[in-house]
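Chemist: The numbering of the sequence shown is the working numbering, which starts it at 72 and goes up by one. Each residue gets a CB set at the ideal place from its N, CA and C atoms; glycine is no exception. Supplied in structure tokens, the structure appears directly below.
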Amino acid sequence: MKAIGVIPSRYGSTRFPGKSLCKLLNKPLLQWVIEGALQSKRLSQVIVATDHEEIASLAMSCGVKAVMTDSELPSGSDRVWAASKNLEADVVLNIQGDEPLIDGKLLDNLIEPFEVDHELEMATLARPLDEESLHSLNTAKIVLDEQDCAIYFSRFPIPYSRNLATDSYSAALKHLGIYAYRKSFLKKFCQTPVTEIEKFEGLEQLRALYLKAKIKVIRTQHDSWGVDTPDDVLKVENRLRERIASEKS
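Okay, structure coming up:
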């Protein structure tokens, strides 16, 4: 089975234009992501899908292929499909381009279920919820079935508790937005129009559930530390320092 990783990296981010090129501890954000992805033992190739020549040049200087894509594509998943549709692969990973703390082992954990379940269409990551994440509308919550497959995603605290909101701590998990797709399903996903529930929640993974996809959820203690705005840079730099110090100790 062949798996490839695609890092969508659009220059014109609404809240932070050009963030892929911003420096974190004197290294571009995108370089951190690429180096993390290259630690994977199961990915046969890492690709950057972008709409900007400077980002493409950075990717190639880091030793990975860059594919130019249309700047008007509606989502990161569409950019991933545009970059991978003509490549030979069984599984395609959508690796968020604003997650400099990405760990190659996590990517391997996402690929592994496809090796044993040949009907699996998607996989993603989730971690335990804390109180802040539970009530944050910027955090997607996920509830699972007995086989750790997704039942539903929501920005709202789910499931609803008639007793205490904290009941949801153990009944739901915090979703981390890294996806692995069987390539045939990624094509179907990107060719399907946006669904009503997806519009309401603003969560594209609900389109996969609408299509009755089986989404395996891999539990992890890893947390998401993305750079969404310039204000996030200092916070993420501190996390990078902590990780570097931990690796040296």
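So, at 6 Å on beta carbons, what are the nonlocal neighbours of R150 in its own chain, with the 5 sequence-adjacent residues on each side left out?
Modeler: The residues P79, A120, T140 and L144, in chain order, have a CB closer than 6 Å to that of R150 in the same chain once the five nearest residues on each side in sequence are set aside.
Chemist: In the DSSP assignment, find the unbroken beta strand (DSSP E) run with Y252 in it and report its ends.
Modeler: L244 to R253
Chemist: Could you check the C-alpha separation between Q116 and L280 for me, to the nearest Å?
Modeler: 28 Å
Chemist: Can you list, in chain order, the residues of its chain whose CB lies under 7 Å from that of C261, leaving out five sequence neighbours each side?
Modeler: S148, D149 and W152
Chemist: Please report the distance separating the alpha-carbon of E267 from that of I315.
Modeler: Cα to Cα, E267 sits roughly 43 Å from I315.
Chemist: Name the DSSP bridge partner or partners of L215?
Modeler: Residue pairing by DSSP places L215 opposite A221 in a beta bridge.
Chemist: Helix, strand or coil: how does DSSP classify G175 here?
Modeler: It is helical.
Chemist: Which of the three DSSP states is assigned to S84 in this structure?
Modeler: coil
Chemist: Which partner residues does R290 have in the DSSP bridge list?
Modeler: A197
Chemist: Taking only three categories from DSSP, how would you classify Q167?
Modeler: DSSP, reduced to helix, strand and coil, places Q167 outside both helices and strands of the structure shown, so it counts as coil.
Chemist: Quick check on F185 - is its C-beta less than 8 Å from some C-beta in chain D?
Modeler: Although the question refers to chain D, the structure presented lacks it and comprises just one protein chain.
Chemist: On a CA-only basis, which of A160, S91 and C133 is nearest E170? Give me that one, please.
Modeler: S91
Chemist: Pick out whichever of L257, E272 and V77 has its Cα sitting closest to the Cα of G107.
Modeler: V77
Chemist: Are three or more beta carbon pairs between the region 98-106 and the region 121-131 nearer than 8 Å?
Modeler: Yes, the region 98-106 is in contact with the region 121-131.
Chemist: Indicate the three-state DSSP secondary structure (helix, strand or coil) for L114 in the structure shown.
Modeler: Here L114 sits in strand by DSSP.
Chemist: Quick one: what's M139 bridged to in DSSP?
Modeler: According to DSSP, which records beta bridges pairwise, M139 is partnered with T121.
Chemist: Taking its Cβ as the centre, do 16 or more other Cβ atoms sit within 10 Å of Q276, making it buried, or is it exposed?
Modeler: buried
Chemist: What is the C-beta distance between I229 and A243, in whole angstroms, given that I count them as a contact (C-beta under 8 Å)?
Modeler: 6 Å
Chemist: On a Cα-Cα basis, can you pick out the residue from D299, L181 and V214 that is closest to L114?
Modeler: Of the listed residues, the one whose Cα sits closest to L114 is L181.
Chemist: Just to confirm my understanding: we take N240, look at its own chain, exclude 5 residues before and 5 after, and list those with CB closer than 6 Å. What are they?
Modeler: Here residue 240 is Tyr; the residue named in the question, Asn, does not match the sequence. For Y240, where only same-chain residues beyond five positions count, the Cβ hits under 6 Å are L200.
Chemist: Starting from the C-beta of E306, find all residues in its chain whose C-beta is less than 8 Å away, skip the five residues before and the five after it, and write them out in chain order.
Modeler: The displayed chain sequence assigns Lys, not Glu, to residue 306. Within its own chain, the residues whose Cβ lies closer than 8 Å to the Cβ of K306, once the five positions on either side in sequence are excluded, are W296, listed in chain order.
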